[in-house]
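Convert by adding 758 to the 1-based position in the sequence shown; the result is the number in this note's numbering. We put the beta carbon where it would ideally sit given N, CA and C, even for glycine. Predicted, not measured: the structure shown is a model, and the values here were computed from it. This report concerns only the one structure given below.
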Amino acid sequence: MRKAKSLGRYLLAGAALAMIAIVPSGASAQAPATKPSAGRKECGAAAQTQRVALLIGNGGYDGADWDGLDNAANDVERLCDVFAQAGFRVIRLVDVNAAAARRAFDEFASLSASADTALIYYAGHGFEFGGENYLVPVDAPRYASKNGLAEHFLPLDALMGAARAKRFNLFFLDACRSFDAVVELTDLDPGGRDGSVGTIGLPRGGKGVVFYSTVKGSPALDDAPPEADAISPFAAAIAKYSATPGLELDQYLKIVARDVEERTRPVIDPAQYPVRYGQFREDFFLMPLASQALAPQPQGAAGAADAQNRTPPTRPAAAPRARTGAIRSAPGALLMAMPQTVNLLAGFTLDRLGTEDEPYLVADLLTRASVPALVSAAQANNDPVAQYLLGYMAEFGVGVPKDLAAARTWLEKSAAQGHPAGQLELGYFLRAHAPAEAARARELYELAAAQDYAKAKSHLGDLLIVEARGERDPAKVAALKQRARSLFEQAAAKGHPFAMFALGAHIGETGTATAMLDALAAKGNREGDHWLCELAYFRNELAGAAAERHCTRGASGGFAGSQFLQARRFADGLGVPRSPREADYWARLALSHKELDPGRRALLASIVLPERATP
């Protein structure tokens, strides 16, 4: 539900959500020159395409029963072109009533049945009642009876049922998420089984991925810098990264979420942060991978295409060990010799590389440079940062096909030049794919840490804590922990959040850890909240007021661990009233993350409610 103009000129769209559901079976946003016209429009590919999309933007409510939404039409107008560029045949509808929406659902169900991928985007009002979610057409009344809901409103199940593609069905939903009442039921019994009208919940019965533009009960902005009065920050982020080839959906969702958070942080506190729900088994790319695979030509790279199914090659003999101790040049400096790549790695400083996760680094890089340009920088210019990033991309299949042999080749080249990012990432690689080389992996950790590289210090410290747990000699245990403490302190001072947590959890410096993480959280960085939530769990303090604040913010910020702990808090009544429904909500969000610890995943099985359960 849209509120009156507030927060200056930024319009608060009453805690809207946006959703992508996936069922396996770059350009910046600009305001349309004129307001998009009501009715139907098509964009994009020919009728025979295997990708089809239906976009519905309902903003032209009468303002009496339902507040108008200025940017709903702008969003679908912009995304019509965005999804067309990604190979979709797009049908765009603006300001549709209930009858038109139902006809559109039926038409799209027939169209999508023969497609490989179907996408539906809805922007407008919505609500939940009695365990069912409803969307609001432009002719919906404000007052209705319980039995009249299906007549005047659109069940979310009907929208989701319209996508019948053979492999992937995607849903973007931008509907109301505030706790304010959005429809008034004339025969509502607040104390009855159905309860009251609420915000849209997670869909039941679907198997896939759901991506919300904000967590329930939190506001979502209708516009924010730099697209003020033009397009929503969520739609802007979708548009910005949709043209990036090779961002698998898991990575794409994380990048979009962080972009929305950064756009809205100057306007609202806490910032808007999209959250995802559900998993899928196949990789999905909104913009498919470029056809070009990595083709490095240094030692040992030949025949790398099938490397996923065989043991990685041994380290090339020509990689000089004497050059692995220090950086030979500043990050990106070798690129300066070529004008066409002069800005390719601008801003990729050691401090940034040492504190920021690789998926975000790579996404930023791919929005400003092509893979061939990066390969040229890595190979022709011998730039160690480009080599490190290409190695990571090839190892995990980000922006390029997964290729372990190519990944090792690039990482070896970066490490051979003494770059700490390449050394650490090669150490990761060896521990994951070449366990027989564990000793060399440990040496690489040491080399990277010796160059004041924050990530390396954090992870080396963590490795020392693990070694201390298996050591029986008290003197050796003390020495290992003392060195780990020093590494954590140095990494924390450079801004690495995990190191701050580790000081409290592994070293016992709870006061120091709490103060540093509190300072991080106070700046709007919800990773600080997440690690404070984890620290509360580690200290058995989940029932405390601090855990309430930080677990809520960490879970709302999309952190799997905080979502797990939030589910536990509501399931067990730790500092909050016991609520099976709230526990179920957070448990299902946590289970959506591939990185969730298997032990934690098993614990959540008893928290998730059966389908259609509405306690």
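(request) Starting from the Cα of R1359, find the closest Cα among Q1321, G817, G802 and give me that residue. (result) Q1321
(request) Could you check how far apart the C-beta atoms of D1355 and G1315 are, in whole angstroms? I think they sit under 8 Å. (result) That belief does not hold up - the Cβ atoms of D1355 and G1315 are roughly 18 Å apart, past 8 Å.
(message) Considering just the uninterrupted stretch of the alpha helix (DSSP H) at V1224, what are its terminal residues?
(response) 1212-1227
(request) Out of F1246, K1252, S1350, L1278, state which residue places its alpha-carbon closest to the alpha-carbon of A1263. (result) F1246
(message) Considering only DSSP beta bridges, list what D932 is partnered with.
(response) A881
(request) Tell whether a beta-carbon distance below 8 Å holds between A842 and L851. (result) In this structure, L851 does not lie closer than 8 Å to A842 by Cβ.
(message) With H, G and I counted as helix, E and B as strand and the rest as coil, what does DSSP make of F1259?
(response) helix
(message) Please classify D1027 as buried or exposed, where buried requires at least 16 neighbouring CB atoms within 10 angstroms.
(response) Looking at its Cβ environment, which holds fewer than 16 other Cβ atoms inside 10 Å, D1027 is exposed.
(message) Could you check whether A1152 and A1165 sit closer than 8 Å to each other, using their CB atoms as the reference points?
(response) yes
(request) Would you kindly work out how many angstroms separate the C-alpha atoms of A1260 and D1220, rounded to a whole number? (result) 8 Å
(request) Determine the burial state of D1115: buried for a count of at least 16 other Cβ atoms within 10 Å of its Cβ, exposed for fewer. (result) exposed
(message) Which of the three DSSP states is assigned to P1097 in this structure?
(response) Because the pLDDT at P1097 is just 37, under 50, the model does not fix this residue reliably, and the point stays unresolved.
(message) Taking the alpha carbon of S832 as the reference point, which residue from F866, A796, V810 has its own alpha carbon closest?
(response) Before going further, note that residue 832 is Asn rather than Ser in the sequence given. Measuring from the Cα of N832, the nearest candidate turns out to be A796.
(request) Figure out for me which residue from L1147, N891, A1280 has the closest Cα to the Cα of F1187. (result) L1147
(request) Have a look at R798, N927, E909, D828 and flag the residue whose alpha-carbon is nearest the alpha-carbon of A705. (result) No answer is possible for residue 705: it lies beyond the span of the chain, which begins at 759 and ends at 1373.
(request) Go ahead and label T1107 buried or exposed: buried means 16 or more other beta carbons lie within 10 angstroms of its beta carbon, across all protein chains shown. (result) exposed
(request) Using 10 angstroms around the beta-carbon of L1362, count the other beta-carbons present and answer buried if the total reaches 16, otherwise exposed. (result) buried
(request) Reducing DSSP to helix, strand and coil, say where R1389 ends up. (result) There is simply no residue 1389 to check, as the chain begins at 759 and stops at 1373 in what is shown.
(request) Excluding the 5 residues preceding and the 5 following G1253 in the sequence, name in chain order all residues of the same chain whose CB lies nearer than 6 Å to its CB. (result) T1113
(request) Tell me whether A1192 is buried or exposed, calling it buried when 16 or more other Cβ atoms sit within 10 Å of its Cβ. (result) Sixteen is the threshold: when 16 or more other Cβ atoms of the shown chains lie within 10 Å of the Cβ of A1192, as they do, the residue is buried.
(request) Determine contact between the region 969-983 and the region 1010-1024, defined as no fewer than three beta-carbon pairs at a distance below 8 Å. (result) The region 969-983 vs the region 1010-1024: in contact.
(request) Give the secondary structure of P1003 by DSSP, where H, G and I count as helix, E and B as strand, and everything else as coil. (result) coil
(message) For A1207, which residues in the same chain have their Cβ closer than 7 Å to its Cβ, ignoring the five residues on either side in sequence?
(response) A1214, K1215, L1218, L1245
(request) Measure the C-alpha to C-alpha separation of V854 and K1352 and round it to an integer number of angstroms. (result) 38 Å
(message) I'd like the list of long-range same chain contacts for A1144, defined as Cβ closer than 6 Å, with 5 residues on each side in sequence excluded.
(response) Here the set comprises L1132, A1135, A1136.
(message) Can you check which of these residues, I989, G845, P1046, is closest to L1007 by C-alpha distance?
(response) P1046
(request) Starting from R850, trace the beta strand (DSSP E) both ways and give me its first and last residue. (result) 847-852
(request) Apply the 10 Å Cβ neighbour rule to D1342 and answer buried if 16 or more other Cβ atoms are within range, or exposed otherwise. (result) buried
(message) Mapping the DSSP letters down to three states, classify G1230 as helix, strand or coil.
(response) Checking the sequence, you will find Arg at residue 1230 rather than Gly. If DSSP states are grouped into helix, strand and coil, R1230 belongs with coil.
(message) Let me confirm a value: K1234 is counted as buried when at least 16 other C-beta atoms fall within 10 Å, else exposed. Which label applies?
(response) exposed
(request) Give me whichever residues DSSP pairs with E890 in a beta bridge. (result) Paired residue(s): F887.
(message) On a Cα-Cα basis, can you pick out the residue from A1212, Y1211, R1241, D1210 that is closest to V1224?
(response) R1241
(message) Which same chain residues end up closer than 7 Å to P1368 when comparing Cβ atoms and leaving out the 5 residues on each side of it in sequence?
(response) Nothing listed; no residue qualifies.
(request) Decide if N1298 is buried, meaning its Cβ has at least 16 other Cβ atoms within 10 Å, or exposed. (result) The C-beta of N1298 has fewer than 16 other C-beta atoms within 10 Å across all chains shown, which makes the residue exposed.
(request) Quick one: using the 10 Å Cβ neighbour count with 16 as the cut-off for buried, is S868 buried or exposed? (result) exposed
(message) Give me, in chain order, the residues of the same chain whose beta-carbon lies closer than 7 Å to that of A1348; leave out the 5 immediate sequence neighbours on both sides.
(response) A1318, Q1321, F1322, A1325, L1354, L1362
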